[in-house]
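> Below are the structure tokens for one structure; questions will follow.
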Amino acid sequence: MPKKYHLHPKPAPPRFAAPGPFGIIEGDGCLNCSNCVKKSCVYSVFRKREFDTHQLMDTADSLCKNCFRCVQECYGRILSKSANPEFRSLGNKYWTPEIIASNWCQAETGKIPVSGGGYGGPFAGPGFDSMWTDMSEIVRPTRDGIHGREYISTSVEFGRVAQPVAFAFEQDSFNGAETSDHGISPRVEASLPIIFDLLPFHSFNSSVRLALAQAARETKALMVVRAEEMEENLGPLAGHLIPLLPAGEVSSLTSTLSGVRMVEVPFTSSGEVRERVREIKQINREVVVAVRMMLGPRSEENAFALAGAGIEVLHLLADEEGQEQGASSPRFIKDLIRSIHLGLVQQKRRDELSLIFGGGIAMAEHVAKAIICGADAVSISIPLLLALECRLCGRCGPGMKCPVEVEKINPSWGRQRITNLIAAWHAQLLEVLGAMGMRDVRRLRGEAGRAIFREEIERETFGQIFGEPVAKARLEKEEGYVLAP
Amino acid sequence: MSWPPEIKRTPSRFRNPIGKYKIHRGPACVHCGKCAELCPLGVHRRMGKKMLAPKDELCLGPTCADREYYCIRRCPQAALRMVINPNLQAFTDYRWPADLLLSTWQQAETGEVPHGDLEYRLGNSGGGFDRLRLRLPEQEDPSLSLRENGDEVSTAISLNRRDDGRPQVRISVPFYGGGMSFGSVSINTMLSRARAAEAWNTFTCTGEGGFPAPLQKYDDHMITQVATGLFGVREETIQRVRIVEFKYAQGAKPGLGGHLLGDKVTPAVARMREAVVGNSLFSPFPFHSVYSVEDHKKHVDWIKEVNPRCLVSVKVSTPTDVDMVAVGSYYAGAHIIHLDGSYGGTGAAPDIAKKNIAMPIEYAIPKVHRFLAEEGIRDQVTLIASGGIRSAYDIAKAIALGADGAVVGTADMVALECLRCRNCESGQGCPRGIATTDPELSQLMGMDWGSQRIINLYGAWRKQLVALLQIWGLKDIGELVGRTDLLMHLDYHREELKDDDIRPFLLRGNGHRRN
């Protein structure tokens with residue numbers, strides 16, 4: 004059994020007050036009655052409020068917990084509440100204000116978001132929201148992982164499965180990577196199935212990269228970094244880095260290739276990639292080579308060809324909203340994962356390579372769901388930026404000023420925020436695994452039977468009762484909103 | 002106890018109740034008092050020569066426009082203006098839109114079917130109950146008053162359907178209260194629920210946190226829970242009651258144990274649970290003594306041995322194999338199989354569990370109902386559904402899908418003026434004095450007020466259920482079980498549905514639209 008994996012979250016407060024979902028509005032006509040509800044606020048919102056001179060905002064709205072006591076008890080009826088447009092305008096339809104705020108909170112506290120009351124969101128939705136994960140009771144036991152009472156492993160390995168078992172027994176060492184001289188492929192272990200990918204929008208400065216890389220070391224994760232951005236200060240962290248090599252010759256990259264356990268090469272064509280892998284292995288045969296490829300209409304075809312060519316790891320990327328690129332009606336990453344995973348299973352090649360999927364992984368639940376669909380691991384990018392308080396305004400893309408000054412962070416604060424986020428995600432992954440009675444995240448891969456897909460359960464229940472449903476296109480047209488696929 | 006329980010008007014305990022509309026009185030008002038004369042609902046009142054602030058929670062909204070007492074049109078100075086209350090933006094969600102909260106408050110206040118244009122039947126979640134409609138004959142509006150008094154129709158259900166020599170327990174309404182522990186809610190909240198359960202001859206449940214002494218007066222209407230932490234479970238508590246419930250799992254956090262965060266573990270709570278003050282209490286998961294149906298049977302036998310007159314309910318969540326779990330529970334000797342769907346309420350649960358783990362109750366009911374029927378045991382077990390049952394209409398739909406009855410929790414809280422701010426878990430708990438054990442906050446709510454609010458809500462629900470049964474020509478709620486022919490679904494019965502059925506929120510003009 005691997006050594007117990009344990010993270011150490013510590014509170015890391017934000018540098019800027021974040022906009023809250025609702026605003027308090029104070030009207031005219033205070034009676035000066037001295038029964039002031041503002042004094043008696045359970046959360047001392049009115050006492051703790053400040054005027055934030057940097058953002059020119061009243062912090063009351065960030066502190067308010069929306070209990071309505073002040074609104075309902077004010078003698079002069081001068082207080083009311085309403086939605087905060089600044090909060091509502093955060094992000095976009097996929098990266099909703101709720102997702103953004105939840106990640107901020109996890110990066111601050113390192114804790115699983117817990118709340119009272121039932122779930123208040125939609126019944127189901129598109130993408131990952133059209134599936135539920137399973138749980139076990141009575142006939143199948145669960146695991147109590149979250150409070151440390153039973154150990155649940157989240158570690159994954161990248162690379163080809165060690166082939167000849169009999170051969171391994173003859174070795175003194177049982178470590179696959181060290182025995183590669185004898186023909187066993189190298190493998191890289193990570194303590195959790197989450198890879199830190201390149202950040203979106205623009206190329207962030209070295210303090211951001213350092214924070215990320217330190218967090219990768221602390222969380223025993225791996226992080227993709229452009230080979231040309233591997234500055235000297237990242238040197239000691241090389242074991243946690245996956246340099247993304249530029250297209251073209253590799254012979255000049257000998258120094259980059261030493262000291263790292265895994266590298267990534269961009270996909271060009273199946274033949275060219277195979278040649279590059281061969282060149283890299285000539286320089287460092289212990290390194291695992293991943294091929295980075297955008298998901299699109301030809302992904303399946305390319306993935307199967309690369310698997311056939313002996314590629315060890317595929318890192319497949321949808322866009323930031325989880326959609327494939329270059330398709331007239333794009334599929335969502337969940338469906339692409341299932342398709343590629345099942346295709347490889349049918350070809351009996353699934354265990355010959357690892358699949359990492361990225362794009363649209365916005366919450367801890369997406370990690371579990373992507374793995375159920377067939378991924379070995381996922382890669383994330385926007386959540387890492389959210390941990391650094393990013394507001395997803397996208398202004399940095401065209402070079403405008405960042406409202407939360409992401410590039411001015413202290414790397415150790417950034418490292419803690421990212422560690423906190425990962426600790427919270429890890430704990431949530433344990434919740435999901437524990438509820439299903441699983442002790443190992445590797446067992447979750449492709450276990451579609453341990454999920455409930457909306458389309459299938461609809462057919463099995465309402466379909467059996469009511470017959471054929473009407474076409475989705477018609478529902479969307481008539482009701483004006485998009486239903487679950 | 003008189004039957005039916007007396008309905009007494011029980012207004013909001015807050016100075017400024019919240020209505021769907023707000024009436025603005027402009028500076029042009031000359032305080033003539035015309036509006037006070039006109040409005041039969043009492044929105045406008047004049048004291049001396051001055052108009053008081055409008056009681057706009059009583060206003061009917063734009064549906065009043067064609068009545069001759071419509072203040073907005075009749076005001077001689079044109080000084081009045083009506084708007085949708087902007088406050089609603091801050092307490093609406095998909096499952097409990099502002100309309101459903103306000104209408105539930107109104108039912109708890111009056112005991113009547115809500116007036117005005119409040120949507121009291123549906124939430125806006127875009128699936129499950131919110132996409133199911135009841136199939137009613139043309140021109141039948143169940144919101145109209147009952148035909149006669151409804152005495153010829155029975156809403157009672159039997160909870161013991163096994164012929165095993167144990168007592169019969171019959172409840173007069175097809176629903177009872179779900180488990181809420183002392184610790185998660187205040188003693189006043191528990192007592193309010195217990196007294197309402199007694200008044201309507203049904204049950205409420207202690208949850209996993211012991212059996213506080215003040216509740217012992219209501220023993221015959223209490224279910225006591227045995228959950229994975231075994232907090233407060235003693236032979237004596239099991240022997241007190243007519244129904245004992247095993248909580249294997251809870252819909253809000255399937256596969257996880259109960260959560261009571263440290264701040265809510267006050268000295269009184271800690272004493273009851275034999276725990277340490279201020280320490281968070283996380284119940285383990287699962288019962289570490291149950292790893293098979295056979296183990297489960299030992300559990301059930303143990304309870305039956307300790308209390309020879311009790312019925313045993315098994316509360317389970319909704320995994321993919323929920324049908325197998327239900328059958329297993331039946332063979333282990335359970336009288337009641339209580340399915341708690343994944344969108345159920347809670348005092349504290351991880352958000353990831355609430356949203357993602359296990360299936361919604363709307364799928365589990367027909368799945369289990371059919372499976373039990375195929376196994377030939379459907380009529381020997383009582384199937385109870387919970388986890389997102391918010392209204393009388395949800396109860397009717399759950400029964401038509403195949404349940405015998407329902408369990409409610411959040412709706413009781415809403416009757417006590419919960420507005421789902423979802424801070425039950427934090428600090429000392431509910432700032433509105435419901436889900437808290439903080440001595441000061443608990444004082445915000447009186448027991449008499451609380452009991453009457455829940456009695457009223459149950460009364461309004463029963464009226465709706467009776468009216469529905471009358472419209473369908475059914476004499477007993479039991480005849481509704483599995484009558485899926487009385488349901489329509491927006492995804493399947495497009496041709497038969499009217500616009501009004503398809504988009505009630507949009508037609509009612511309050512702008513609750515997804516995205």
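Chains A and B, in that order, give the protein sequences.
Sequential numbering from 4 applies to the first sequence in the working numbering.
Sequential numbering from 2 applies to the second sequence in the working numbering.
Cβ atoms here follow ideal geometry from the backbone N, Cα and C, with glycine treated the same way.
1. Taking Thr485(B) as the query, report the chain A residues whose CB atoms sit under 7 Å from its CB, ordered along the chain.
2. So Asp517(B) contacts chain A; which residues on that side make the cut at Cβ distance below 7 Å?
3. Is Gly180(B) close to chain A, meaning its C-beta is less than 8 Å from at least one C-beta of that chain?
4. Taking 8 Å as the threshold (beta carbon to beta carbon), is Met439(A) in contact with chain B?
5. If we cut at 8 Å on Cβ distances, does Ile155(A) have a partner in chain B?
6. Pairing CB atoms from the region 267-276 of chain B with CB atoms from the region 226-234 of chain B, are three or more of them under 8 Å?
7. Arg68(B) to Phe130(B), Cα distance in whole Å?
8. Kindly provide the ranges of any beta strand (DSSP E) runs that are 3 or more residues long and lie completely inside the region 324-394 of chain A, ordered along the chain.
9. Comparing alpha-carbon positions, which option in Glu113(B), Ser281(B), Leu373(B), Val408(B) lies nearest Ala350(B)?
10. Let's test the definition: count the other Cβ atoms within 10 Å of the Cβ of Pro250(A) and tell me whether it reaches 16, buried, or not, exposed.
11. Identify each residue in the region 368-381 of chain B for which the Cβ-Cβ distance to at least one residue of chain A is less than 7 Å, and report them in chain order.
12. Straight-line CA distance for Tyr1(B) to Gly466(A)?
13. Going by DSSP, which residues form a beta bridge with Phe183(B)?
14. Which partner residues of Pro16(A) appear in the DSSP bridge assignment?
15. Secondary structure at Gly166(B), three-state DSSP: helix, strand or coil?
16. Using a C-beta to C-beta distance shorter than 8 Å, which residues of chain A count as neighbours of Trp97(B)?
17. Output needed in chain order: residues of the region 243-266 of chain B with a Cβ under 7 Å from some Cβ in chain A.
18. Give me the Cα-Cα distance between Leu470(B) and Lys476(B), rounded to the nearest whole angstrom.
19. Only counting runs of 3 or more residues, tell me where the beta strand (DSSP E) segments fall wholly within the region 83-164 of chain B, in order along the chain.
20. With a threshold of 16 other CB atoms inside 10 Å of the CB of Arg104(B), please say whether the residue is buried or exposed.
21. Taking the straight line between their C-alpha atoms, what separation do you get for Ala198(B) and Ala218(A)?
22. How far does the alpha helix (DSSP H) with Gly451(B) in it extend, from its first residue to its last?
23. Which parts of the region 350-425 of chain B are runs of the alpha helix (DSSP H), unbroken and 4 residues or longer, counting only runs that do not cross its ends?
24. Taking the alpha carbon of Gly348(B) as the point to measure from, which residue in Gly410(B), Leu216(B), Glu110(B) has its own alpha carbon closest?
25. Return the CA-CA distance between Phe49(A) and Asp322(A), expressed in angstroms with no decimal places.
26. Output the boundary residues of the beta strand (DSSP E) element that contains Arg462(A).
27. In chain order, what residues of the same chain lie with their CB nearer than 7 Å to the CB of Gln419(A), ignoring the 5 residues before and after it?
28. Is the separation between the beta-carbon of Cys67(A) and that of Phe25(A) shorter than 8 Å?
29. For His116(B) and chain D, any beta-carbon pair shorter than 8 Å?
30. If you measure beta-carbon to beta-carbon, which residues of the region 64-89 of chain A are closer than 8 Å to chain B?
31. Using the three-state DSSP reduction, which class does Ala306(A) fall into: helix, strand or coil?
32. Can you tell me which residues form a DSSP beta bridge with Gly430(B)?
33. In this structure, does DSSP put Thr259(A) in helix, strand or coil?
34. Counting only the same chain and skipping the five closest in sequence on each side, list residues whose C-beta sits under 7 Å from that of Glu495(A).
35. Work out the CA separation of Asp100(B) and Arg46(B) for me, nearest whole Å.
36. In whole angstroms, what separates the C-alpha of Ser357(A) from that of Gly162(A)?
Here's the rundown:
1. Within chain A, the residues placing a beta-carbon under 7 Å from that of Thr485(B) are Ile468, ordered along the chain.
2. Nothing about residue 517(B) can be reported from this structure: the residues present for chain B run from 2 to 516 only.
3. So, not an interface residue.
4. With 8 Å as the cut-off, Met439(A) counts as an interface residue toward chain B.
5. No, no contact with chain B.
6. Yes, since at least three Cβ pairs between the region 267-276 of chain B and the region 226-234 of chain B fall closer than 8 Å, the two stretches touch.
7. If I take the Cα positions, the gap works out to 34 Å.
8. Listed in chain order, they are 357-361, 380-383.
9. If we check each option's Cα against that of Ala350(B), Ser281(B) comes out closest.
10. The sequence shown places Ala at residue 250(A), not Pro. Counting the other CB atoms within 10 Å of its CB gives Ala250(A) a total below 16, which places it among the exposed residues.
11. Listed in sequence order: Lys368.
12. Nothing can be reported for residue 1(B), as the shown portion of chain B is limited to 2 through 516.
13. In DSSP, Phe183(B) forms a bridge with Val186(B).
14. Partner(s): none; Pro16(A) has no beta bridge.
15. Look at Gly166(B) here: in three-state DSSP terms it is coil, with no helix or strand label.
16. Result: Gly123.
17. Those residues of the region 243-266 of chain B that come within reach of chain A (Cβ to Cβ, closer than 7 Å) are Tyr249, Ala250, Ala253, Pro255, Gly256, Leu257, His260.
18. A straight-line Cα-Cα distance of about 7 Å links Leu470(B) and Lys476(B).
19. If only complete runs of 3 or more residues are kept, the region 83-164 of chain B shows the beta strand (DSSP E) at 133-135, in order along the chain.
20. Note on identity: in this sequence residue 104(B) is Ser, with Arg being the wrong assignment. Result: buried.
21. Rounded to whole angstroms, the gap between the alpha carbons of Ala198(B) and Ala218(A) is 54 Å.
22. Looking at the DSSP string, the run of the alpha helix (DSSP H) that includes Gly451(B) is 448-473.
23. With a minimum length of 4 residues, the continuous alpha helix (DSSP H) runs that stay inside the region 350-425 of chain B are 352-357, 362-375, 393-402, 411-416.
24. Among Gly410(B), Leu216(B), Glu110(B), the Cα nearest to that of Gly348(B) is on Gly410(B).
25. Each residue's Cα considered, the two are about 43 Å apart.
26. For Arg462(A), no beta strand (DSSP E) encloses it, and the DSSP letter there is neither H nor E.
27. Non-local beta-carbon contacts of Gln419(A) in its own chain, meaning distances under 7 Å to residues more than five positions away in sequence, involve Lys13, Ala15 in chain order.
28. Yes, the pair counts as a contact, with Cβ atoms nearer than the cut-off.
29. Structure shown: chain D not included; protein chains present are A and B.
30. Listed in sequence order: Lys68, Asn69, Cys70, Phe71, Arg72, Val74, Gln75, Glu76, Cys77, Tyr78, Arg80, Ser83, Lys84, Ser85, Ala86.
31. Correct three-state label for Ala306(A): helix.
32. Per DSSP, the beta bridge partners of Gly430(B) are Thr437(B).
33. Under the three-state reduction of DSSP, Thr259(A) is assigned to helix.
34. There is simply no residue 495(A) to check, as chain A begins at 4 and stops at 488 in what is shown.
35. Rounded to whole angstroms, the gap between the alpha carbons of Arg46(B) and Asp100(B) is 25 Å.
36. Distance between the alpha carbons of Ser357(A) and Gly162(A) is about 6 Å.
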